[in-house]
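Contents: one structure, followed by commentary.
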Amino acid sequence: MHRVAISSTGLYIPPEIISNDELVLAFNRFAEQENAAHAEEIAAGSRSAIPPSSVEFIEKASGIKRRYVMEKSGVLDPTRMYPRLQPRPDTQISLMAEIGVAAARDALTRAGRQAQDIDGVICAAANMQRAYPAMAIEIQTALGIKGFGFDMNVACSSATFAIELAVNAVKTGSARAVLVVDPEITSPHLAWKDRDCHFIFGDVCTAILVERLEAAPAGAFEVLGTKLQTTFSSNIRNNAGFMSRAEDRAPTERDQLFYQEGRKVFKEVCPMAAEHMVKHLADHDLAPAGVRRFWLHQANLAMNQLITRRMLGRDATAEEAPVILDEFANTASAGSIIAFHRHHDDFKRGEVGVICSFGAGYSIGSVIVRRD
Ligand code: CO8
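Here it is in structure tokens:
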């Protein structure tokens, strides 16, 4: 068995930013237009008026201040309220693969690696833009990597679950190195017309290079262990799928997009995530107090504060549990990886950290790492 390390990570940031002010302005225009168009039904009590959104609510309830998106004009057009993405011919690289290649190249460059050093690519994300061929194979081929590629989806835990698969492949010797790529293009499947969730998500792509510790560059993070957990819940859900056409469903119908019971998720997932990490650390004779940093899933600031408080018995500092969701919003499985990417340079040799995701499924995945 080989010892395994995360050698580097990569980040692709989309070209456009939507601030909370812009988002709320567009939503409130949309709500005014809809309410004016249905004024009679609203007055007769047969229809509810759409209430306005507010920047204050968004920042207080979530901690999110802005988000990156691939295309913002469609989202901010009150007559449309979703991005305008151009269809591409089959001869052109797909959008998910394009941003996957960009993040993967960033990770490869940071580790000083070439395509010939890698044996596999896992494309792990909360939504795939097509059923097949796999985006992972497209990314693999665009990078010139021999070996294998496959797609997988565990919603917000896609990246950590993929890291476990990559770690196992490298540990057992079935691959020398595996790239995990997380192109999270959340904007096409977010219900921008629903004020309960229109502020939650942003687009991004991360990549993680997993390889043998002995081959990894100085300062790599040895993976001490990974731990995965799932339990079924419909509290975060999206029913769009290959049967939608046969069910005569329109892609804009509410349940064909992201929907959730946010409050229930908050209450149920926080204790699960805290307990999961405490148990995982105990499996390695470690305790939360001995962890230098928790790179947590970035869904909600209060959620992360509660989870770390449960584990540490006190409030965590921003240094112990860094926040990136103010800038990126919730980027599904990429959030904890962005936190790691942005906040690991100051680690000293031997210091331990935990990457942890939690979300739809429910799913929780943790990765304990130690700086080599
Ligand atoms: N502006 C003003 N008021 C609002 C708004 C708004 N935008 N939205 C809601 N309100 C109102 C509500 O209507 C409610 O009013 P009332 O009290 O009169 O009924 C009041 O504000 C309070 O609403 P909530 O109870 O919903 O507010 P919360 O404090 O619970 O905050 C959150 C809502 C921020 C959604 C919070 O519950 C939360 O973050 N929960 C955790 C959710 C979570 O972590 N989900 C994980 C999702 S990510 C994932 O798993 C991956 C999915 C795959 C990616 C999909 C990509 C699209």
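If you count by the numbering used here, then the sequence shown holds residues 1 to 372, one letter each, in order. We put the CB at the ideal spot given by N, CA and C, even for glycine.
Relative to the alpha-carbon of K60, which residue among A103, L179, R47 and D326 has its alpha-carbon at the smallest distance?
The candidate whose alpha carbon is nearest that of K60 is D326.
Beta-carbon spacing of A125, D106 below 9 Å:
Result no, Cβ atoms of A125 and D106 do not sit closer than 9 Å.
Going by DSSP in three states, A107 sits in which element: helix, strand or coil?
In the three-state DSSP reduction, A107 falls in the helix class (H, G or I).
Beta-carbon spacing of A97, I139 below 9 Å
Inclusion of A97 and I139 in the CB contact set at 9 Å is warranted, their separation being smaller than that value.
Any residues whose CB sits closer than 5 Å to a heavy atom of the ligand CO8? List them in chain order?
Spelled out in chain order, the answer is S53, S54, F57, A61, S62, A126, A155, C156, T186, H189, L190, R195, D196, F201, I236, F258, G262, R263, V265, F266, A299, N300, A332, G359 and A360.
Let me know the secondary structure DSSP gives V291 once reduced to three states.
Taken through DSSP and simplified to helix, strand or coil, V291 comes out as coil.
Just checking my contact of A36 with L76 at CB under 8 Å: how many whole Å lie between their CB atoms?
Actually they are not in contact, since the Cβ atoms of A36 and L76 sit about 19 Å apart, beyond 8 Å.
Quick one: give me the first and last residue of the beta strand (DSSP E) that M152 is part of.
Unbroken beta strand (DSSP E) run through M152: F148 to M152.
Helix, strand or coil: how does DSSP classify K227 here?
Strand.
Under 9 Å between C-beta atoms of G149 and A136
When the beta-carbon positions are compared, G149 and A136 come within less than 9 Å of each other.
Report yes or no: do three or more beta-carbon pairs, one from the segment 273-286 and one from the segment 324-339, lie closer than 8 Å?
Proximity of the segment 273-286 to the segment 324-339 falls short of the contact definition, fewer than three beta-carbon pairs being nearer than 8 Å.
As assigned by DSSP and simplified to three states, the class of I50
If DSSP states are grouped into helix, strand and coil, I50 belongs with coil.
Which residues DSSP lists as bridging L296, in chain order:
Among the bridge pairs identified by DSSP, L296 is matched with C356.
Do I337 and T91 count as a contact pair if the criterion is CB distance below 9 Å?
No.
Alpha carbon to alpha carbon, what distance is there between D119 and A166?
Roughly 10 Å separates the two Cα atoms.
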